[in-house]
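Be aware that the sequence shown starts at 11, since it is given in the numbering used here, and climbs by one per residue.
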Amino acid sequence: MTFVNEESVFRALADGARRKLLDRLHANNGQTLGQLCAEMDCTRQGVTKHLNILEEANLVVTVWRGREKLHYLNPVPIHEMAERWISKFERQRLAAMHQLKQALEGDDR
């Protein structure tokens, strides 16, 4: 597992506008700044600042195609955060459900 700067990821995900940008990229990956600005409620400069924060957190990567700069969602940091912070709690819940199932079914194993 690669190192994820947790603070930058949490900071990036804390803002609704940045989450909206990630949702837009999830729905249609590889968009230009102009395309991303089309449905945002902030200025082009505001969207650029949000994208810079997302890039610093490695949640968005850019690729130049000619003179166009395309923005792509990088889901790896979110997955790593989920593995570190969410899955360990999920395992406990699943173990408890398994024990309950065994108790209800009278399974003595």
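No residue lacks a Cβ here, since even glycine has one placed at the ideal position from N, Cα and C.
Model, not experiment: these values are computed from the prediction.
Completely contained alpha helix (DSSP H) runs for the stretch 27 to 111, where each covers 4 or more residues: 43 to 47, 54 to 66 and 86 to 91
Check each candidate in His108, Val86, Arg94 and Arg29 and name the one with the smallest Cα separation from Met50. Within the sequence shown, numbered from 1, the residue matching residue 50 stands at position 40. It is Arg29 whose Cα lies nearest to the Cα of Met50.
Within 8 Å, strictly: CB atoms of Asn84 and Val71: Translated into positions along the sequence shown, residue 84 becomes position 74. Translated into positions along the sequence shown, residue 71 becomes position 61. Taking 8 Å as the Cβ cut-off, Asn84 and Val71 qualify as a contacting pair.
Can you tell me whether Ser24 is helix, strand or coil according to DSSP? Residue mapping note: residue 24 aligns to position 14 of the sequence shown, counting from 1. Per the sequence presented here, residue 24 reads as Ala, with Ser not at that position. Coil at Ala24, not helix or strand.
Which term fits Ile96, buried or exposed, when burial requires 16 or more other beta carbons within 10 angstroms of its beta carbon? If you number the sequence shown from 1, residue 96 lands on position 86. Burial call: exposed.
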